[in-house]
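Trainee: The following block contains the structure, expressed as structure tokens.
Chains as they are written, first to last, in my numbering: chain Z, 161 to 433; chain U, 388 to 859.
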């Protein structure tokens, strides 16, 4: 098992404090057979924790409200997660039936071009796993990673037409294709540990596809396809909307800016004897 | 087509439950009853019962016409209805629990999962979560029509935020006011304790344990909502606060309302805001009618929301057609109240049948309500039929079809005397942890136009006081 230390720092700045602010955090790694929390804390400044619970995907959520009359609010989610080396397949205990992960969602709904793209795969006689990798590889070749070309609410079809986007768009496109091909698929938000870069600007996003008799297979179209022990899952959802690490509303605030600083580093390698 | 008239068995015979009333009506003292119609309207205007009709340019306040002739049900026929409503409401709650947990009914191949999967009323947020005390539908309104002496059919289940109960109560109050002597002559079961039964049921569904001191509030979308009068009426009758979105916030891990003494925790929220508007953090992000974070508090177990979010999956018109099977599956019994035969246009052979027989059928939108967007074959013009046919072909799964029913009639009072009009009945059921209460009677809606089968108030329908006679 490897241990990864993570610190995810988010700061909200307002020139005029909001009358009321509320945030739902999914900033606690999801525990499963692949990853366990060793320590984890959410430290709030200028905000208070209202409640905690597991949502329908089994994500640990924390609801917080902003303190009154405060211009700077910070959230730090930090701790150590133990990751087992696996082949990138997980099973979890959510009660959501697999067929519900075939339901198209607003952000990952296929349009004409995605449906057209999917046609080349439907007649192939290959194993499920081969098909999943085929689609992923094909998309990876087709899409160019580029920041600033898409927005937070860009849909799968829109990004597919542009042939560009960021990890969120790539995951939505891939989810859209897999559902179109009748596979359950879900969105994953989390962290990617990189050997050359401890400091990161944003959380990462990738995809899991359910393959019969195997489990949820992790696929990262933005990188090297295979999801290995360098990936730490925060939350899963039908699409970005219900796997968002932060989701909130502010009333009557002015000039807010959000700063994010993420550090992901390997601590040690534990060898089981 | 002949219709079952509830007052007259034939031109000479009055049905037994109407006999006392009819002889009172024919007494010399009641000779001028027609002239008292305006009096009823004045009572209503004073109490302020009005009703907004959607899709009119200016939302004008309208009075739902009230007819002075009561609709009367005998003790025996009522007992059958009551049993049937109870059975149905229990089955609906079992269905909702199952569909949001293990989904045994899908595994047993009784309901196709596509019906759930494609349904926007199904809320994944509710999966794996059990509402306080396992109750989903605290308040249900079951729409019934009568087609013969013995047969009452369920036309529609309403388990989201059923409305109309305020009319039931005000209709009775009006009758008490106008004809006090009638109620000493004829023993009619009371409906006016509905608000006290409602508050009892709501308090009993407290998230932790039944606590007499728990705080209940009614959440309304606001004064522009067509049922605002009812929201304020019920809050007032129950002696609880009527609140709107801007009155509520998350405070100390609870939903709380602003009061003159600061924020006060709400334990049970009777919300008359639709699911999609309930929590902008979970559903429609631009909703200004809900409470951001209320779903988080709900899922932490700190508030009861009545009715539970996601109940709409049980009263959808496509699910409706499976209701007899749903009742059988969860209760092991046959449905006491039968369904109206229904063709699901999503199924090829059903669609074929519907297209061939459209002139004799009623076609409804799966998600429609209020009598909007429907086609009544027998009274539709050729042009209307051809427009509807192309709608059906374009999006068949959006429609269901039913035979044109011979709804029973009850006379209304016209200047010329009594004249029969078609009616339906919406009894209201309240679900508590250990019991189901069905208010004796309910709301009778009456189509005021001659021959019309549409009773919806938005389509020119009126209401009647509904009497259930005490056991002789």
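Even glycine gets a Cβ: it sits at the ideal position worked out from N, Cα and C.
Taking a cut of 8 Å between CB atoms, which residues from the region 257-291 of chain Z lie near chain U?
Mentor: Correct list: 257, 259, 260, 262, 263.
Trainee: Using the Cα positions of residue 710/U and residue 762/U, report the straight-line distance between them to the nearest angstrom.
Mentor: If you take the alpha carbons of residue 710/U and residue 762/U, they lie about 23 Å apart.
Trainee: If you measure from the beta carbon of residue 386/Z to each beta carbon in chain U, is any gap under 8 Å?
Mentor: No, residue 386/Z lies away from the interface with chain U (no Cβ there is under 8 Å from its Cβ).
Trainee: How is residue 245/Z classed by DSSP in three states: helix, strand or coil?
Mentor: Residue 245/Z falls in the coil class under three-state DSSP.
Trainee: Would you grab the beta carbon distance between residue 519/U and residue 594/U for me? Rounded to a whole angstrom, and I think it's under 8 Å.
Mentor: Indeed they touch by this definition, with Cβ atoms about 4 Å apart.
Trainee: Looking only at its own chain, which residues have a Cβ that is under 8 Å from the Cβ of residue 424/U, when we skip the five neighbours before and after it?
Mentor: Only 455, 800 meet the Cβ criterion.
Trainee: Check the Cβ of residue 686/U against every Cβ in chain Z and list those closer than 9 Å, keeping chain order.
Mentor: Result: 211, 213, 214, 215, 216, 221.
Trainee: According to DSSP, simplified to helix, strand and coil, what is residue 412/Z?
Mentor: Residue 412/Z: coil per DSSP, three-state reduction.
Trainee: Just checking: is the beta-carbon of residue 332/Z within a distance shorter than 8 Å of some beta-carbon in chain U?
Mentor: Cβ-Cβ to chain U under 8 Å: no for residue 332/Z.
Trainee: Can you tell me the Cα-Cα spacing of residue 417/U and residue 571/U, whole angstroms?
Mentor: Using only the alpha carbons, I get a separation of about 16 Å.
Trainee: Closer than 8 Å by beta-carbon distance: list the chain Z residues that pair up with residue 668/U, in chain order.
Mentor: By Cβ distance, chain Z contributes 182, 184, 407, 408, 409.
Trainee: Going by CA-CA distance only, name the one from 538/U, 561/U, 780/U that's closest to residue 465/U.
Mentor: Considering only alpha carbons, the answer is 538/U.
Trainee: What is the residue span of the beta strand (DSSP E) that residue 628/U lies within?
Mentor: That run of the beta strand (DSSP E) goes 628-630.
Trainee: Which residues in the same chain have their Cβ closer than 6 Å to the Cβ of residue 471/U, if we skip the five residues on either side of it in sequence?
Mentor: Cβ within range, chain order: 723, 724.
Trainee: What residues in its chain sit with their C-beta under 6 Å from that of residue 717/U, if we drop five residues either side in the sequence?
Mentor: Excluding positions up to five away in sequence, the list reads 478, 481.
Trainee: Contact criterion: CB-CB distance below 8 Å. Does residue 398/Z meet it with respect to chain U?
Mentor: Output row for residue 398/Z: interface = yes.
Trainee: Short of 8 Å in beta carbon distance, which residues of its chain neighbour residue 413/Z, apart from the five on each side in sequence? Order them along the chain.
Mentor: The residues are 174, 176, 177, 178, 179, 181.
Trainee: Over the uninterrupted beta strand (DSSP E) stretch that includes residue 644/U, give me the two end residues.
Mentor: Segment 641-646, the beta strand (DSSP E) holding residue 644/U.
Trainee: With a threshold of 7 Å on Cβ separation, who are the neighbours of residue 434/Z within its own chain once the five nearest residues in sequence on each side are excluded?
Mentor: Nothing can be reported for residue 434/Z, as the shown portion of chain Z is limited to 161 through 433.
Trainee: With 8 Å as the threshold, decide whether the Cβ of residue 499/U is near any Cβ in chain Z.
Mentor: Not closer than 8 Å to any Cβ of chain Z, the Cβ of residue 499/U fails to qualify, so no.
Trainee: I'd like to know if residue 679/U contacts chain Z, where contact means its C-beta is closer than 8 Å to some C-beta of that chain.
Mentor: Residue 679/U counts as touching chain Z.
Trainee: According to DSSP, which residues form a beta bridge with residue 633/U?
Mentor: DSSP, once it has assigned bridges, lists no residue as partnering residue 633/U.
Trainee: Please confirm whether residue 689/U has its beta-carbon closer than 8 Å to some beta-carbon of chain Z.
Mentor: Cβ-Cβ to chain Z under 8 Å: yes for residue 689/U.
Trainee: Show which residues of chain U have a CB atom less than 7 Å away from the CB atom of residue 227/Z.
Mentor: Under the 7 Å cutoff, chain U gives no residues; its nearest Cβ is about 12 Å from residue 227/Z.
Trainee: Decide if the region 678-686 of chain U is in contact with the region 522-535 of chain U; the criterion is three or more beta carbon pairs, one per stretch, under 8 Å apart.
Mentor: Not touching, per the Cβ criterion.
Trainee: Starting from residue 340/Z, find everything on chain U with Cβ-Cβ shorter than 8 Å and list it in chain order.
Mentor: Simply none; closest approach about 15 Å.
Trainee: Taking Cβ positions, are residue 793/U and residue 390/U nearer each other than 8 Å?
Mentor: A contact, by the Cβ cut-off of 8 Å.
Trainee: Measure from the C-beta of residue 556/U to each C-beta in chain Z and report whether the shortest distance is under 8 Å.
Mentor: By this cut-off, residue 556/U is not an interface position.
Trainee: I'd like to check one pair, residue 252/Z with residue 218/Z: are the Cβ atoms closer than 8 Å?
Mentor: Yes, they are a contact pair.
Trainee: Taking only beta-carbon atoms, is residue 490/U less than 8 Å away from chain Z?
Mentor: So yes, residue 490/U belongs to the interface.
Trainee: Determine, for residue 700/U, whether the minimum Cβ-Cβ distance to residues of chain Z falls below 8 Å.
Mentor: No, residue 700/U lies away from the interface with chain Z (no Cβ there is under 8 Å from its Cβ).
Trainee: Evaluate residue 501/U with the Cβ neighbour count: other Cβ atoms within 10 Å of its Cβ, from every protein chain shown; 16 or more gives buried, anything less gives exposed.
Mentor: So residue 501/U counts as exposed.
Trainee: Output yes if chain U places a C-beta closer than 8 Å to the C-beta of residue 361/Z; else output no.
Mentor: For residue 361/Z, the answer is no, since every Cβ of chain U falls outside 8 Å of its Cβ.
Trainee: Cβ of residue 624/U less than 8 Å from any chain Z Cβ?
Mentor: Cβ-Cβ to chain Z under 8 Å: no for residue 624/U.
Trainee: Among 701/U, 394/U, 691/U, whose alpha-carbon lies nearest the alpha-carbon of residue 408/U?
Mentor: Checked all of 701/U, 394/U, 691/U; the closest Cα to residue 408/U is 394/U.
Trainee: Report the rounded CA-to-CA distance for residue 648/U versus residue 246/Z, giving the unit in angstroms.
Mentor: Answer to the nearest angstrom: the Cα atoms are 57 Å apart.
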